[in-house]
Amino acid sequence: MLVLPAELMHAQAPACSRMLAQALRSEPGTRAVADASPLRAFDSSALAVLLECRREALALGKSFAVAHLPAKLRQLAGLYGVADLLPDAGA
């Protein structure tokens, strides 16, 4: 499972994207799940990181889902029209 940090703002986004991409490449299996439960402070950059992670997972032939996406971030994804690209891991 890929774990997001507690804070994911614009300043942390590039490093977080690199970390998640590296983890995706080394993680076995055909399903990638990002655990967003640690997220406490975030901005729209968190969505960009998750979408980049999804793109990387799909490029590697893996499915992608997000576990424990905070309600406010789910709402933001809906406003931006990308909520369907970040399916709930429990669904």
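Numbering-wise, the working numbering puts 99 at position 57 of the sequence shown, and it's gapless, one number per residue.
All residues carry an ideal CB built from backbone N, CA and C; glycine is no exception.
Can you give me the Cβ contacts of residue i inside the same chain, cut-off strictly under 8 Å, excluding the 5 residues immediately before and after it?
{"i": "Val91", "result": "Leu46, Leu50, Ala55, Cys58, Ser59, Leu62"}
{"i": "His52", "result": "Asp85, Ser87"}
Can you have a look at residue i and say buried or exposed, based on whether 16 or more other CB atoms are within 10 angstroms of its CB?
{"i": "Ala74", "result": "buried"}
{"i": "Arg97", "result": "exposed"}
Quick check on this structure: which residue in the options has the alpha carbon closest to the alpha carbon of residue i?
{"i": "Pro112", "options": "Met43, Ala48, Leu44", "result": "Ala48"}
{"i": "Ala119", "options": "Leu89, Ala109, Ala107, Arg97", "result": "Leu89"}
{"i": "Ala131", "options": "Glu69, Ala65, Ser68, Ser79", "result": "Ser79"}
{"i": "Ala109", "options": "Ala76, Ala65, Ser68, Glu69", "result": "Ala76"}
{"i": "Leu128", "options": "Ala107, Cys95, Leu100, Glu94", "result": "Ala107"}
Is residue i helix, strand or coil when you go by DSSP?
{"i": "Leu100", "result": "helix"}
{"i": "Arg116", "result": "helix"}
{"i": "Ala107", "result": "strand"}
{"i": "Val91", "result": "helix"}
{"i": "Asp85", "result": "coil"}
Would you say residue i and residue j are within 8 Å of each other, going by their C-beta atoms?
{"i": "Ala99", "j": "Leu121", "result": "no"}
{"i": "Thr72", "j": "Gly123", "result": "no"}
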